[in-house]
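Structure, as structure tokens:
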Amino acid sequence: MDTIFFTDQLIPALNRGLFMSIKLIIPSGLIGLMLGIAIGTLRTFGHAPVRKIANTYANVFRGTPLLVQLFLLYFGLPNLGIYLDAYTAAVIGFILCSGAYHSEYIRG
Numbered sequence: 021m022d023t024i025f026f027t028d029q030l031i032p033a034l035n036r037g038l039f040m041s042i043k044l045i046i047p048s049g050l051i052g053l054m055l056g057i058a059i060g061t062l063r064t065f066g067h068a069p070v071r072k073i074a075n076t077y078a079n080v081f082r083g084t085p086l087l088v089q090l091f092l093l094y095f096g097l098p099n100l101g102i103y104l105d106a107y108t109a110a111v112i113g114f115i116l117c118s119g120a121y122h123s124e125y126i127r128g
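Note that my numbering has the sequence shown beginning at 21, numbered continuously upward.
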């Protein structure tokens, strides 16, 4: 009896979580890949100042934990007067992080 009640509540919650994960993965994966290709190309073929900026971006976003980046976007930006909802902050954080990792793949 308890198992049926538990699964009746669990399955809809899992479905909502799966849908939200897909909603986050699609835009952040595609835009992050495009950003990674651009940054990776700049890191490989750019002039010295551009290469240094691209390397700094990649090292900062690869060197800090994703959770810290998400916290800074969601809780830190309101201190600067920039307010983002949770979904937008998550997508921007995933884009910036995945772009840094993809740039490393592109650079080789």
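Glycine included, C-beta positions come from ideal geometry on N, C-alpha and C. Quick caveat: nothing in here was measured; it's all calculated off a predicted structure.
Spatial neighbours of residue i within its chain, please: C-beta separation below 7 Å, excluding the five flanking residues on both sides.
| i | result |
| --- | --- |
| V111 | L44, P47, S48 |
| G119 | G52, L55, G56, I59 |
| R63 | R71, A74, N75, A78, S123, R127 |
For the alpha helix (DSSP H) that contains residue i, what are its first and last residues?
| i | result |
| --- | --- |
| L90 | 86-91 |
| Y121 | 106-127 |
| P8 | Examination of residue 8 is not possible in this model, given that the chain is present from 21 through 128 alone. |
Give me, in chain order, the residues of the same chain whose beta-carbon lies closer than 8 Å to that of residue i; leave out the 5 immediate sequence neighbours on both sides.
| i | result |
| --- | --- |
| Q89 | F81, G113, L116, C117 |
| T84 | none |
Three CB pairs or more closer than 8 Å across the segment 96-103 and the segment 24-33: no
Cβ pair count under 8 Å reaching 3, the segment 59-72 against the segment 98-109: no
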